[in-house]
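Undergrad: Below you'll find the structure I mean.
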Amino acid sequence: MLYRKLGRESRKRRSILANITRDVIVNEYVVTTEARAKEVRKFVDKMITYGKNGTLVSRRKALAFLYNDDKVVSKIFDDLAKRYENRNGGYTRIIKLKERVGDDGLAVRLELV
Numbered sequence: 001m002l003y004r005k006l007g008r009e010s011r012k013r014r015s016i017l018a019n020i021t022r023d024v025i026v027n028e029y030v031v032t033t034e035a036r037a038k039e040v041r042k043f044v045d046k047m048i049t050y051g052k053n054g055t056l057v058s059r060r061k062a063l064a065f066l067y068n069d070d071k072v073v074s075k076i077f078d079d080l081a082k083r084y085e086n087r088n089g090g091y092t093r094i095i096k097l098k099e100r101v102g103d104d105g106l107a108v109r110l111e112l113v
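All residue numbers for the sequence shown refer to this note's numbering, where the first residue is 1 and numbers rise by one.
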């Protein structure tokens, strides 16, 4: 499986991905770099798929990835699962913005469809 290392060691990379995933679910969008957005969209789609499954195992997997954040997981299973019940994947979109001032990294907006 190919994945982006994002210039971080594995613990920090997992933490970054989990926190951005949580922010996308809570706020329904986030502004970040293109590489991070492309990597995070995999996890956001996986969390929504867990919500659509609705089983106890799926809920525990979502809780484990999101550091036992009950409010976020309940939003996935109650709100987002119902919203996307007729959609077979592709729950996020990436909209390219402009380069950041400090490092010229391409900023994008990752949002739920």
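We put the CB at the ideal spot given by N, CA and C, even for glycine.
All values reported here derive from a predicted model rather than from experimental measurement.
#1: Please check the pair E28 and E111, which I expect to be a contact at CB under 8 angstroms, by giving their CB distance rounded to whole angstroms.
#2: For the 8 angstroms Cβ check, are there 3 or more pairs between the region 44-51 and the region 71-88?
#3: Beta-carbon within less than 6 angstroms of L80's beta-carbon, same chain only, minus the 5 sequence neighbours each way: which residues are those?
#4: Is T21 helix, strand or coil by DSSP?
#5: Taking DSSP as the reference, what is the three-state secondary structure of L80?
#6: Restricting to Cα atoms, I'd like to know which of Y67, R83 and A18 is closest to A37.
TA: Taking the coordinates as given:
#1: Position 28 of the sequence shown, counting from 1, holds the residue named residue 28. Position 111 of the sequence shown, counting from 1, holds the residue named residue 111. With a Cβ gap of about 6 angstroms, E28 and E111 count as contacting.
#2: yes
#3: Within the sequence shown, residue 80 is the residue found at index 80, counting from 1. Only I48 and G51 meet the Cβ criterion.
#4: As a working mapping, residue 21 is identified with position 21 in the sequence shown. Three-state DSSP puts T21 in a helix.
#5: In the sequence shown, the residue the question calls residue 80 occupies position 80. Three-state DSSP puts L80 in a helix.
#6: Here residue 37 is taken as the residue at index 37 of the sequence shown, counted from 1. The option with the nearest alpha carbon to A37 is A18.
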